[in-house]
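Residue numbers (this note's numbering): 1489 to 1648. For glycine and all other residues, C-beta sits at the position ideal for the given N, C-alpha and C. Just so you know, these numbers come straight off a predicted model, no measurement behind them.
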Ligand code: DQA
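Right, dumping it as structure tokens:
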């Protein structure tokens, strides 16, 4: 079990085009930038006992490599895979292959959008999925992931 009792370690993974947040279709994705979002995630993490690091890439292979490289030193992933959500079996295999729990998040409500966004290759492997709340999807997802990991730790320690 990778989790340490002191501070949980969470890796946030942002997929393609999320570097454009704030400028990209603001009516869909809002005005907050990726830097705003990452700063808020780090603050929220601190307040709930987690150290949060963030990574964004546009390439599928870069994301796969990052998951492989980061997994040994983290307890869980918070993932917005962007369009790779709907296409990438490689990213799904990476996330399941490293045996770390992950939460899938999306700014927009995928199910209220084009049909090609309705299917996710990640959802059935995720411990939870949050969609449609803008940046709050990430914050809710982070809280859910931390709660899951804390319960897991308590149960490993025989406390529950
Ligand atoms: C997204 C939804 C995806 O369908 C899209 O390709 C994105 C962003 C979201 O956060 O709403 O890039 O993951």
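**Message:** Using C-beta distances below 7 Å, list every residue in its chain close to residue 1613, excluding the 5 sequence neighbours before and after it, in chain order.
**Reply:** Mapped onto the chain shown, residue 1613 falls at position 125. Excluding sequence neighbours, residue 1613 sits near 1580, 1583, 1584.
**Beta-carbon contacts of residue 1570 that lie in its chain and below 8 Å, excluding the five residues immediately before and after** = For this step, residue 1570 is matched to residue 82 along the chain shown. Taken in chain order, the residues that qualify are 1502, 1503, 1504, 1505, 1506.
**Asked** Nearest to residue 1525 by CA position, among 1577, 1628, 1637, is which residue?
**Response** The residue given as residue 1525 occupies position 37 in the chain shown. Among 1577, 1628, 1637, the Cα nearest to that of residue 1525 belongs to 1628.
**Asked** Which whole-angstrom value describes the C-beta separation of residue 1545 and residue 1554, a residue pair presumed to lie in contact below a C-beta threshold of 8 Å?
**Response** Position 57 of the chain shown, counted from the first residue, corresponds to residue 1545. Position 66 of the chain shown, counted from the first residue, corresponds to residue 1554. Indeed they touch by this definition, with Cβ atoms about 7 Å apart.
**Exposure of residue 1497, with buried meaning 16 or more beta-carbon neighbours within 10 Å** = In the chain shown, the residue the question calls residue 1497 occupies position 9. The residue is buried, with at least 16 neighbouring Cβ atoms inside 10 Å.
**Message:** Quick check: residue 1623 and residue 1528, are their CB atoms within less than 8 Å of each other?
**Reply:** Taking the first residue of the chain shown as 1, we reach residue 1623 at position 135. Taking the first residue of the chain shown as 1, we reach residue 1528 at position 40. It is a contact, given that the beta carbons lie within the stated cut-off.
**Asked** So is the beta-carbon of residue 1596 under 7 Å away from any non-hydrogen atom of the ligand DQA?
**Response** Position 108 of the chain shown, counting from 1, holds the residue named residue 1596. Checking the Cβ of residue 1596 against the ligand DQA gives yes.
**Request:** Please check the pair residue 1618 and residue 1590, which I expect to be a contact at CB under 8 Å, by giving their CB distance rounded to whole angstroms.
**Result:** Working through the chain shown from its first residue, we reach residue 1618 at position 130. Working through the chain shown from its first residue, we reach residue 1590 at position 102. In fact, because the Cβ distance is near 12 Å, the residues do not count as touching under 8 Å.
**Message:** Just list the residues that DSSP pairs residue 1541 with in beta bridges.
**Reply:** By 1-based counting over the chain shown, the position of residue 1541 is 53. In DSSP, residue 1541 forms a bridge with 1499.
**Prompt:** Taking C-beta to C-beta, are residue 1598 and residue 1572 nearer than 8 Å?
**Reply:** As a working note, residue 1598 is residue 110 in the chain shown. As a working note, residue 1572 is residue 84 in the chain shown. No; because the gap between Cβ atoms is not below 8 Å, this pair is not in contact.
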